[in-house]
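Have a look at the structure below before the remarks.
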């Protein structure tokens, strides 16, 4: 075993409780033969990532989870969430929460932006913990493999929405609804409360496109603020029972609208229940 | 009972395929075609089931006579075209003649041949254009690398592949194109095999793409299934080994050294010039950055092919990730 992997294992042993580490041993993934799946997911890297984010999850953002009983224990499903932040704090915390709330732990495979594989180190690290570049082919493969897929239908406009538009869903894409219909996968609406205030931006450089990034956000603070995060899972939406044809653009739009409304309702519920930012 | 003509018979894949075909009583005869003289192990075959012809495939007359003298006399019904130039640094019209013109001529001759009913062409995954914006899993419909800047090896592979594909549905023959994952073995033109020949393997810092590698056994098996099958079309032939580049380097017992990407092309050019090695970084630039794994579902469904044989890695699986 390489030194890096040994170090990673030692670190994850140190950072995770033995019970958590043992549970991660049974994480379900399709080993393509060398300990990785075909998209590059590595369960050891995933365990390390959970260890490294433990402080952020438990102490810094003090994440609370609501409605985790709605998370499917097996089979293909889509988690559709609101999006925000300069770094994908919301995505990372959902992934950690899903792994903690399911037994055996499920890995939420995040559909990231297409520029992620272009970024050295970041692209590799993300692929090892289960993030995949947002192509229809990758999304389809994950659903056909029975994976739990986390998608942010707002896309890049979601992370650039700014303080004034927080908790207002931006242009809601429909690809997830089409694939949910095609693969008969339930969609679980997810609302992340707190992340939209965690790292406000004061501006952005639209001319910055390194590695294909849509823009460079300028944060108001050097680190994200330690706001409390609340993750709300809604009841799974079985879209294929209401909207049959995945090739019908109107049906796909309507199905996506149902998901959007469900996420909006969860956001409203989460904001109503929240007792304070901190 | 098949009567099969195999070009590239002296290559490792050709030899394995011929062994497999002759081991099956369903093969009436193999007409092996190679550029070299008949290699000794093949010469010991049963002459009633095995014939060898030394032919320069780049000469149209020799090619014609091969098909219309021996091929007609022996009533060949399946042609397996497996002869492609292997060295990446060799370029020019003669290489193009073997890679492309020979394929075109052979296809044309086979189409009007009285007994040939099936044409199997071994293509390669190198024909695909790797694009991080597309799926990591490459399907048969994914875009091909049509870049005019691509090295001749890639351009020839793509042209030959398309030459065969354009006849599908227009020819009375059944045409099969097998786009094989890289075969990690000596003497098959494997860029990765040459790359792993160094004790130290330089790789682009920050990137560790997933590779898909095919064993000789599986490549030969896929070709055999294509010979026997009734389906035609384009089929990806993935290998049983899917792993990151760094892991492949470790399993080969080499030391991965990450370096800034722009340094790699000149360093590997220098290595090629001083040591005569065949690895070209420009040929591998995209796959050393972006993951690409062949989606073999069509071959599984229609040819019954599934990868079964792993590469014989010199170093065992590390204890960390057990398969």
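Chains as they are written, first to last, in this note's numbering: chain A, -2 to 275; chain B, 655 to 977. C-beta: ideal position from N, C-alpha, C; glycine also.
Check whether residue i and residue j have beta carbons under 8 Å apart
| i | j | result |
| --- | --- | --- |
| residue 236/A | residue 177/A | yes |
| residue 818/B | residue 798/B | no |
| residue 77/A | residue 186/A | yes |
| residue 832/B | residue 889/B | yes |
| residue 666/B | residue 839/B | yes |
| residue 793/B | residue 830/B | no |
| residue 94/A | residue 62/A | yes |
| residue 42/A | residue 5/A | yes |
| residue 102/A | residue 13/A | no |
| residue 228/A | residue 60/A | yes |
| residue 58/A | residue 226/A | yes |
| residue 947/B | residue 892/B | yes |
| residue 904/B | residue 868/B | no |
| residue 209/A | residue 112/A | yes |
| residue 783/B | residue 850/B | no |
| residue 659/B | residue 680/B | no |
| residue 699/B | residue 676/B | yes |
Cut-off 7 Å between Cβ atoms - residues of its own chain near residue i, not counting five sequence neighbours on either side
| i | result |
| --- | --- |
| residue 973/B | Because the pLDDT at residue 973/B is just 48, under 50, the model does not fix this residue reliably, and the point stays unresolved. |
| residue 975/B | Because the pLDDT at residue 975/B is just 45, under 50, the model does not fix this residue reliably, and the point stays unresolved. |
| residue 261/A | 166 |
| residue 131/A | 108, 109, 110 and 111 |
| residue 977/B | Residue placement at residue 977/B cannot be trusted, given a pLDDT of 36 that sits under 50; the coordinates are not used to answer. |
Contacting residues, own chain, Cβ-Cβ under 6 Å from residue i (five flanking each side not counted)
| i | result |
| --- | --- |
| residue 709/B | 687, 716 and 720 |
| residue 956/B | 885 |
| residue 739/B | 749, 752 and 753 |
| residue 92/A | 105 |
| residue 729/B | 657 and 769 |
| residue 806/B | 745 |
| residue 822/B | 829 |
| residue 876/B | 832, 891 and 959 |
Span of the beta strand (DSSP E) around residue i
| i | result |
| --- | --- |
| residue 864/B | 864 to 868 |
| residue 88/A | Note, residue 88/A: premise wrong, no beta strand (DSSP E); alpha helix (DSSP H) at 86 to 98. |
| residue 200/A | 198 to 202 |
| residue 777/B | 772 to 778 |
| residue 829/B | 828 to 834 |
| residue 895/B | 895 to 898 |
| residue 887/B | 887 to 891 |
| residue 708/B | 704 to 708 |
Extent of the continuous alpha helix (DSSP H) run through residue i
| i | result |
| --- | --- |
| residue 108/A | Where residue 108/A is concerned, there is no enclosing alpha helix (DSSP H), although the beta strand (DSSP E) it sits in stretches over 105 to 109. |
| residue 765/B | 756 to 765 |
| residue 123/A | 119 to 125 |
| residue 9/A | 0 to 12 |
| residue 18/A | 15 to 21 |
| residue 156/A | 153 to 156 |
| residue 672/B | 666 to 677 |
| residue 807/B | 806 to 819 |
Selection from the options that minimises the alpha carbon distance to residue i
| i | options | result |
| --- | --- | --- |
| residue 723/B | 763/B, 882/B, 904/B and 794/B | 763/B |
| residue 11/A | 44/A, 153/A and 139/A | 44/A |
| residue 713/B | 877/B, 760/B and 825/B | 760/B |
| residue 689/B | 682/B, 663/B and 949/B | 663/B |
| residue 250/A | 38/A, 170/A, 2/A and 63/A | 170/A |
| residue 966/B | 718/B, 747/B, 872/B and 823/B | 872/B |
| residue 221/A | 197/A, 228/A, 242/A and 20/A | 197/A |
| residue 144/A | 129/A, 209/A and 58/A | 129/A |
| residue 771/B | 880/B, 907/B, 930/B and 914/B | 880/B |
| residue 136/A | 40/A, 255/A, 75/A and 199/A | 75/A |
| residue 791/B | 949/B, 971/B and 953/B | 949/B |
| residue 701/B | 711/B, 683/B and 963/B | 683/B |
| residue 115/A | 207/A, 199/A, 253/A and -1/A | 207/A |
| residue 347/A | 17/A, 175/A and 38/A | Outside the shown range of chain A (-2 to 275) lies residue 347/A, about which nothing can therefore be said. |
| residue 231/A | 259/A, 218/A and 255/A | 259/A |
8 Å CB neighbourhood of residue i in its chain, flanking five on each side removed
| i | result |
| --- | --- |
| residue 926/B | 743, 932, 933 and 934 |
| residue 205/A | 212 and 213 |
| residue 781/B | 798, 799, 808, 811, 812, 815 and 833 |
| residue 275/A | 223, 224 and 225 |
Chain-ordered chain C contacts of residue i [CB-CB under 9 Å]
| i | result |
| --- | --- |
| residue 33/A | Checking the listed chains, one finds no chain C in this structure; the protein chains it contains are A and B. |
Practice task
Kindly confirm or deny that the segment 101 to 108 of chain A and the segment 116 to 134 of chain A touch, where touching means at least three C-beta pairs closer than 8 Å.
Solution key: Cβ pair count under 8 Å is three or more, so yes.
Handout entry: Three CB pairs or more closer than 8 Å across the segment 911 to 925 of chain B and the segment 852 to 867 of chain B
Key = A contact exists between the segment 911 to 925 of chain B and the segment 852 to 867 of chain B.
Problem - contact_flag[the segment 892 to 906 of chain B, the segment 20 to 34 of chain A] where n(CB pairs < 8 Å) is 3 or more - result: yes
Problem - Any 3 or more C-beta pairs closer than 8 Å across the segment 859 to 867 of chain B and the segment 942 to 960 of chain B - result: yes
Practice task
Inspect the CB distances between the segment 46 to 62 of chain A and the segment 155 to 162 of chain A and report whether three or more fall short of 8 Å.
Solution key: no
Practice task
Take every Cβ of the segment 72 to 90 of chain A, pair it with every Cβ of the segment 189 to 203 of chain A, and state whether three or more of those distances are shorter than 8 Å.
Solution key: Remark: three or more beta-carbon pairs, one from each stretch, lie closer than 8 Å, so the segment 72 to 90 of chain A and the segment 189 to 203 of chain A are flagged as touching.
Problem - Meets three-Cβ-pair contact criterion under 8 Å: the segment 838 to 855 of chain B and the segment 783 to 794 of chain B - result: no
Exercise for the section: Evaluate contact between the segment 729 to 739 of chain B and the segment 768 to 787 of chain B, counting only Cβ atoms and requiring at least three cross-stretch pairs below 8 Å. Expected result: These segments touch.
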